[in-house]
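In what follows, a single structure is set out as structure tokens and then discussed.
In the numbering used here, the protein residues as written are 102 to 411.
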């Protein structure tokens with residue numbers, strides 16, 4: 102039995118996936134696997150941006166074209182907007198980005214400020230993390246925290262300390278990229294714990310099954326964080342299938358792969374459980390600023406298993 106057979110009829114919410122770097126085939130595969138909604142956090146480009154207008158265009162694409170592109174496959178697309186930690190170290194440019202963030206965080210479909218936090222835990226990262234926490238607090242938006250790859254335990258604790266210092270309710274803060282070292286403290290302090298299922302790094306889905314068995318499903322959510330690197334946009338449904346095979350209840354699986362993310366980000370006022378349980382109508386004849394997901398008058402591809410592309 103394929104993993105698709107074991108999860109048929111289930112719905113998933115991938116609360117951290119960088120679809121800007123994925124193809125329409127990935128959207129179709131995610132839709133086929135039961136992904137009905139996703140959150141795309143703002144992140145870095147892979148190389149340094151050289152001007153504030155590149156940030157402006159990128160943020161605009163997250164609330165515009167990418168939201169439209171997802172809808173063409175029946176997936177609801179939301180995003181979090183922020184200055185990521187890696188690029189916070191370009192201080193002159195970071196100051197300009199901070200000036201334009203308020204133009205975007207109040208737009209439709211923006212469910213939080215993120216992903217923000219620490220990379221190398223520099224003074225500049227600390228400065229702009231704090232500034233964006235204040236921005237989120239003022240806007241009444243959840244915060245999506247990127248925890249560092251290096252010194253993760255220290256960086257995670259520090260991220261939470263600063264959030265509390267700035268008066269944020271832990272229930273408004275999603276601490277992402279957790280592992281076995283960080284999960285207990287995150288949960289004990291009342292924050293949401295996000296886990297990224299990444300091939301060969303961060304958190305494999307066998308380890309994720311063990312964590313859910315040990316800690317239960319409360320305030321835990323998983324994501325793929327799929328981007329332009331080695332990653333898997335089907336990580337959430339695949340992990341759900343493994344959980345099911347491992348004897349974890351359907352109720353617990355739904356909490357970890359759907360409901361908890363809805364509960365956390367619904368605090369933005371931009372999404373609701375009722376909305377996400379209604380099918381999103383698909384009309385691939387639609388256009389966004391004159392652009393379509395179709396090319397050259399082509400019809401939507403129906404038989405995805407065929408080797409013949411007509």
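In this text, a Cβ means the ideal position worked out from N, Cα and C, and glycines have one as well.
Query	Result
Report the option in 202, 315, 239 and 250 whose CA atom is closest to the CA atom of residue 221.	250
Grouping DSSP H, G and I as helix and E and B as strand, with all else coil, what is residue 405?	Summary for residue 405: the model assigns pLDDT 46, below 50, so the residue's position carries little reliability, and this model does not support an answer.
DSSP beta-bridge partners for residue 115?	139
Within the same chain, show all residues whose beta-carbon is closer than 8 Å to that of residue 281, passing over the 5 residues directly before and after it, in chain order.	308 and 312
Taking Cβ to Cβ, would you say residue 218 is nearer than 7 Å to residue 247?	yes
Is residue 315 closer than 7 Å to residue 275 when the C-beta atoms are compared?	no
Take residue 255 as the anchor and find which of 268, 183, 299 and 283 has the nearest alpha-carbon.	283
Which parts of the region 303-349 are runs of the beta strand (DSSP E), unbroken and 3 residues or longer, counting only runs that do not cross its ends?	321-324
Take residue 207 as the anchor and find which of 300, 169 and 160 has the nearest alpha-carbon.	160
Can you list, in chain order, the residues of its chain with a C-beta nearer than 7 Å to that of residue 191? Leave out the 5 residues immediately preceding and following it.	149
Suppose only complete runs of 3+ residues qualify. What are the beta strand (DSSP E) ranges in the region 180-235, listed by chain order?	211-218
With DSSP as the reference, identify every bridge partner of residue 177, one or two as the case may be.	138
Is residue 114 closer than 7 Å to residue 134 when the C-beta atoms are compared?	no
Using the C-alpha atoms, what's the distance from residue 352 back to residue 300?	26 Å
If you draw a straight line from the alpha carbon of residue 408 to that of residue 328, how long is it in whole angstroms?	At residue 408, the pLDDT of 38 sits below 50, so the modelled position is not reliable; the number obtained from the coordinates is stated separately. Straight-line Cα distance between these residues: approximately 26 Å.
Assuming residue 164 contacts residue 201 (C-beta within less than 8 Å), just tell me the rounded distance between them.	Contact flag wrong, Cβ pair sits at about 13 Å.
Apart from the five residues just before and just after residue 90, which ones in its own chain have a Cβ nearer than 6 Å to its Cβ?	Since the displayed the chain opens at 102 and closes at 411, residue 90 lies outside it and no answer follows.
For residue 224 and residue 140, what's the separation of their Cα atoms in angstroms?	28 Å
Starting from the C-beta of residue 240, find all residues in its chain whose C-beta is less than 6 Å away, skip the five residues before and the five after it, and write them out in chain order.	206
Can you tell me the Cα-Cα spacing of residue 322 and residue 392, whole angstroms?	34 Å
Could you pull the DSSP bridge partners for residue 277 from this structure?	247
Taking the alpha carbon of residue 182 as the reference point, which residue from 146, 214, 236 and 253 has its own alpha carbon closest?	214
Find the nearest neighbour of residue 277 within the set 325, 382, 368 and 342, judged by alpha-carbon distance.	325
Once you ignore the five residues that flank residue 336 on each side, which residues in its own chain have a CB closer than 6 Å to its CB?	298 and 325
Below 8 Å on the Cβ atoms is my contact criterion, and I expect residue 117 with residue 142 to pass it. Report the Cβ-Cβ distance as a whole number of Å.	6 Å
If distances are taken between C-alpha atoms only, which option among 199, 103 and 361 comes closest to residue 232?	199
Please classify residue 374: is it buried, with 16 or more other beta-carbons within 10 angstroms of its beta-carbon, or exposed?	exposed
Just verifying my parser: in three-state terms, what is the DSSP assignment at residue 292?	coil
Among 216, 193, 262 and 384, which residue has its Cα nearest to the Cα of residue 144?	216
Compute the Euclidean distance between the alpha carbons of residue 345 and residue 104, then round it to the nearest angstrom.	10 Å
On a Cα-Cα basis, can you pick out the residue from 108, 147, 170 and 229 that is closest to residue 193?	229
Using the C-alpha atoms, what's the distance from residue 294 back to residue 110?	26 Å
Cα separation between residue 296 and residue 261?	16 Å
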